[in-house]
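Reading through the structure tokens given below for one structure.
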Amino acid sequence: MIEYTEGIYNFYVYILTNKNKTVLYTGVTNDLKRRLQEHKEKINPKSFTARYNVEFLLYYEHFTWIQLAIAREKEIKDLKRDKKEMLINTINSDWNFLNDLF
Numbered sequence: 896m897i898e899y900t901e902g903i904y905n906f907y908v909y910i911l912t913n914k915n916k917t918v919l920y921t922g923v924t925n926d927l928k929r930r931l932q933e934h935k936e937k938i939n940p941k942s943f944t945a946r947y948n949v950e951f952l953l954y955y956e957h958f959t960w961i962q963l964a965i966a967r968e969k970e971i972k973d974l975k976r977d978k979k980e981m982l983i984n985t986i987n988s989d990w991n992f993l994n995d996l997f
């Protein structure tokens with residue numbers, strides 16, 4: 896059995912959208928500020944986020960263990976859009992872009 900005590904690292908599961916809020920993308924990172932900048936700069940022009948101009952943060956969760964963050968990312972990715980919208984609404988009911996928080 897794995898026992899999870901408070902870790903010393905930071906990991907984030909996040910949901911991004913495009914300007915018109917028509918696309919949702921879920922990811923995981925250990926540096927949300929850096930990752931948001933990478934999405935904005937479209938460092939991989941053939942990626943999903945670059946092709947659909949996905950760079951605006953709507954939702955995030957913080958973890959101190961990468962295993963838990965990855966498991967949560969998979970959980971969220973498996974949700975249908977309406978469930979993802981409900982999740983976003985729990986912390987951001989107006990769907991404001993949260994990029995400036997990081």
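Count along the sequence shown from 1, then add 895; that gives the number in our numbering. Ideal Cβ placement from N, Cα and C applies to all residues, glycine included. Fair warning: this is a prediction, and the values are worked out from it, not measured in the lab.
Asked                                                                                                : Found
Meets three-Cβ-pair contact criterion under 8 angstroms: the segment 938-950 and the segment 983-991 : no
Separation of tyrosine 920 from arginine 976, as counted between CA atoms                            : 10 angstroms
Cα-Cα separation between threonine 959 and asparagine 915, rounded to whole angstroms                : 32 angstroms
Environment of alanine 964 [buried if 16+ CB atoms lie within 10 Å]                                  : buried
Rounded straight-line distance, which links the Cα of leucine 931 to that of methionine 993          : Per the sequence shown, residue 993 should be read as leucine rather than methionine. Straight-line Cα distance between these residues: approximately 10 angstroms.
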